[in-house]
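Residue numbers (this note's numbering): 1465 to 1745. No residue lacks a Cβ here, since even glycine has one placed at the ideal position from N, Cα and C. Here's the structure, in structure tokens; my notes come after.
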């Protein structure tokens, strides 16, 4: 059966109308190859799979089974593209399934080159090393202004996608442990709140410094959970999400898109995810 070359959909969000081609999705997730090359944060156990076996029953056609069925082991926070909610911080088990309510999300993609901490006045919750690579409020604001002027297809984007530069091909299988990867300054997260972004997607293992004395200050600020607190309040942002370890190919230009953020219905604080972009026609 021949697939359609175009599948045009008209979508209205918040009173604004968009037209996209559903037959032209732009996948910015990292395919998770169990037992193979994959990203890894903190040196935790890698994602693995093995055929299920029970007596004479074996879930591998190569070993005489009638079909393939396997057991998968992974740590979503560390083993690939994943989306997390405020339950990442709380004693209450708040699932990402309950946090993510939006289906099609007006989004903006920005490419940012981090700068050494010694070259900016922006700070973080702990003392920075001079070479710590920071994504700053100033760089985000400048990139957004460049995208949105003189014309913008989206009045109020609610998802921010950050592609760090250089965007080398090693990202999808990088081990994040020995070197500190880029992370956001406190002012950068404050700027996101001012702009009312609800969904943040990054090609990094964390929006915080990889080793930050366990503070997760940027996560807390993004979800409005107090320092050292493990409970949400009426002022916490229960429906904001953070997606980490994406990969945005160079072929996808900076600009405005509709985002479809797909997750399995896991009742967990985080789940593997597949963010898909659609260009606005």
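Given residue i as reference, the closest of the options once Cα atoms are compared
i: residue 1481; options: 1628, 1721, 1740, 1727; result: 1721
i: residue 1574; options: 1550, 1611, 1726; result: 1611
i: residue 1678; options: 1732, 1589, 1536, 1507; result: 1589
i: residue 1622; options: 1572, 1521, 1648; result: 1572
i: residue 1742; options: 1719, 1705, 1701, 1731; result: 1719
i: residue 1761; options: 1675, 1547, 1630; result: Any answer about residue 1761 is impossible in this case: the structure gives the chain only from 1465 up to 1745.
i: residue 1578; options: 1713, 1534, 1671, 1521; result: 1671
i: residue 1514; options: 1536, 1552, 1553, 1745; result: 1536
i: residue 1499; options: 1640, 1534, 1562; result: 1534
i: residue 1695; options: 1521, 1591, 1552, 1487; result: 1552
i: residue 1683; options: 1486, 1647, 1711; result: 1647
i: residue 1673; options: 1745, 1639, 1699, 1593; result: 1593
i: residue 1617; options: 1745, 1467, 1468, 1474; result: 1745
i: residue 1580; options: 1595, 1651, 1624; result: 1595
i: residue 1597; options: 1640, 1736, 1528, 1649; result: 1649
i: residue 1457; options: 1709, 1584, 1624; result: The requested residue 1457 does not occur in the structure, where the chain is confined to residues 1465 to 1745.
Bridge partners - residue i, DSSP secondary structure assignment
i: residue 1485; result: 1472
i: residue 1674; result: DSSP output for residue 1674 lists no bridge partner at all.
i: residue 1726; result: 1738
i: residue 1539; result: Looking at the DSSP assignment, residue 1539 forms no beta bridge with any residue, so it has no partner.
i: residue 1663; result: 1623, 1705
i: residue 1637; result: The partner list for residue 1637 (beta bridge, DSSP) is empty, contrary to what the question assumes.
i: residue 1491; result: 1740
i: residue 1598; result: 1579, 1647
i: residue 1518; result: 1521
i: residue 1504; result: 1639
Where the alpha helix (DSSP H) through residue i begins and ends
i: residue 1682; result: 1681-1687
i: residue 1735; result: Here residue 1735 belongs to no alpha helix (DSSP H); instead the beta strand (DSSP E) covers 1734-1736.
i: residue 1654; result: 1650-1658
i: residue 1560; result: 1560-1563
i: residue 1611; result: 1601-1612
Beta carbon proximity, residue i to chain B, threshold 9 Å
i: residue 1707; result: Included in the structure is just one protein chain, with no chain B present.
Inter-residue CB distance, residue i and residue j (contact presumed, cutoff 8 Å)
i: residue 1493; j: residue 1662; result: The pair is not a contact, with the Cβ atoms about 19 Å apart (cut-off 8 Å).
i: residue 1502; j: residue 1637; result: 6 Å
i: residue 1734; j: residue 1541; result: 5 Å
i: residue 1701; j: residue 1559; result: About 16 Å; that fails the 8 Å criterion.
i: residue 1569; j: residue 1723; result: 4 Å
i: residue 1539; j: residue 1586; result: With 8 Å as the limit, residue 1539 and residue 1586 do not qualify as a contact, their Cβ atoms being about 31 Å apart.
i: residue 1511; j: residue 1478; result: That belief does not hold up - the Cβ atoms of residue 1511 and residue 1478 are roughly 37 Å apart, past 8 Å.
i: residue 1517; j: residue 1669; result: Residue 1517 to residue 1669, Cβ: 34 Å. No contact.
i: residue 1491; j: residue 1470; result: Actually they are not in contact, since the Cβ atoms of residue 1491 and residue 1470 sit about 18 Å apart, beyond 8 Å.
i: residue 1434; j: residue 1627; result: The shown model of the chain, from 1465 to 1745, leaves out residue 1434, and the question about it has no answer.
Residue i, enclosing beta strand (DSSP E) - first and last residue
i: residue 1627; result: 1623-1628
i: residue 1571; result: 1568-1576
i: residue 1547; result: 1546-1548
i: residue 1716; result: Neither: residue 1716 is in no beta strand (DSSP E) and is coded neither H nor E.
i: residue 1616; result: Per DSSP, residue 1616 belongs to no beta strand (DSSP E) and is neither H nor E.
i: residue 1512; result: 1512-1515
Notebook entry, point to check: Can at least three beta-carbon pairs, one atom from the segment 1650-1664 and one from the segment 1686-1695, be found at a separation below 8 Å?
Noted result: Verdict: yes, contact present.
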